[in-house]
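Number of protein chains: 2
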Amino acid sequence: MATTSTLKLDTVFAALGDPTRRAILAMLLEDDMAVTDVAEPFEMSLAAISKHLQVLTSAGLISQEKRGRVKWCKLEPDALKEASIWMQGFGQFEAVNLDDFERFLALELPNEDIASE
Amino acid sequence: MATTSTLKLDTVFAALGDPTRRAILAMLLEDDMAVTDVAEPFEMSLAAISKHLQVLTSAGLISQEKRGRVKWCKLEPDALKEASIWMQGFGQFEAVNLDDFERFLALELPNEDIASE
DNA sequence: GTAAACGTCAACCAAATGGTTGAATAACGC
DNA sequence: GCGTTATTCAACCATTTGGTTGACGTTTAC
Numbered sequence: 031m032a033t034t035s036t037l038k039l040d041t042v043f044a045a046l047g048d049p050t051r052r053a054i055l056a057m058l059l060e061d062d063m064a065v066t067d068v069a070e071p072f073e074m075s076l077a078a079i080s081k082h083l084q085v086l087t088s089a090g091l092i093s094q095e096k097r098g099r100v101k102w103c104k105l106e107p108d109a110l111k112e113a114s115i116w117m118q119g120f121g122q123f124e125a126v127n128l129d130d131f132e133r134f135l136a137l138e139l140p141n142e143d144i145a146s147e
Numbered sequence: 031m032a033t034t035s036t037l038k039l040d041t042v043f044a045a046l047g048d049p050t051r052r053a054i055l056a057m058l059l060e061d062d063m064a065v066t067d068v069a070e071p072f073e074m075s076l077a078a079i080s081k082h083l084q085v086l087t088s089a090g091l092i093s094q095e096k097r098g099r100v101k102w103c104k105l106e107p108d109a110l111k112e113a114s115i116w117m118q119g120f121g122q123f124e125a126v127n128l129d130d131f132e133r134f135l136a137l138e139l140p141n142e143d144i145a146s147e
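Taken in order, these protein sequences are the chains called A and B. Positions in the first sequence are counted from 1; adding 30 to them yields our numbering. Positions in the second sequence are counted from 1; adding 30 to them yields our numbering.
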């Protein structure tokens, strides 16, 4: 195992290239969520969010489990690990400051107002 | 400064989503290169590579400087830093093992034969 | 000066992406 | 059973993406 293919990096990075999907990941960082609840803060159809969730799922960034009529979405942070390894090799970046990370999240969450400019 | 916008993460991750572009970055990790030399190992036209280099440039991942009739391409690893910070926040990944990184590069370089299946 | 090397531009093309709407399926609540 | 809630599916659309080819502008070599 650990057959880390180019394909996987392709889908992971492509999935991360969309701001809606990154915002979804940030939301799931706090807790697992149902599809409807994921969709709530966005100004787009439920079907569109459903598609985004499929993209995240096939990239391995989240998993989805149906319990009753509700499909729960759960972050799978391990999928980011390979991509993170790939990136870090380019700069030997120092360990991340969690405050930095929270600033990024604040910029991206859909319900939060973006202050800059 | 440090106006880290969503737009930047969009373009950086989108740029990384293509295997040709990741391979180019890996090549530039070793040394600066002319456009023609970047294109040489790939089985696609020079114009296509030129477009890929533009995508990488507008994402800030590389810079290009023309000296004489040769345009030199140079890796700009700082652009990866913000994206790396974004990603690391999801898992608090341990510091990367450089051997891991070299395995990834081996999988992606175009002139290297990819053994897996 | 003329030919070759370096690189981009413009036009084109097929396929993928990100969104919509409306119908369909499945599970609850009563 | 029946309406409601949760989610996906299918068809459609506009835009973007990743590639091609051929013409074009520069710089260099001789």
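Here a beta-carbon is modelled for each residue, glycine too, at the ideal position from N, C-alpha and C. Here the structure is a predicted model, which means the values were calculated and not measured.
- Around the C-beta of VAL42(A), 16 or more other C-beta atoms lie within 10 Å, and the residue is accordingly described as buried.
- With a 10 Å radius around the Cβ and a threshold of 16 neighbouring Cβ atoms, VAL100(B) comes out exposed.
- In the same chain as ALA64(A), and ignoring 5 residues on each side of it, the C-beta atoms closer than 7 Å to its own belong to VAL100, LYS101 and TRP102, in chain order.
- In this structure, DSSP gives GLU95(A) an extended state, which the three-state scheme calls strand.
- For the region 54-71 of chain A, the beta-carbon criterion of a distance under 8 Å to any beta-carbon of chain B is satisfied by LEU55 and LEU59.
- Residue pairing from DSSP places LEU105(B) in a beta bridge opposite ILE92(B).
- In the structure shown, the three-state DSSP call for MET117(A) is helix.
- If you draw a straight line from the Cα of ALA109(B) to the Cα of ILE92(B), it is about 8 Å long.
- Rounded to whole angstroms, the gap between the alpha carbons of ALA78(A) and ASP61(B) is 43 Å.
- At a cut-off of 8 Å between beta carbons, ARG97(A) makes no contact with chain B.
- For LEU46(A), the chain B residues whose C-beta falls within less than 7 Å of its own C-beta are PHE43, listed in chain order.
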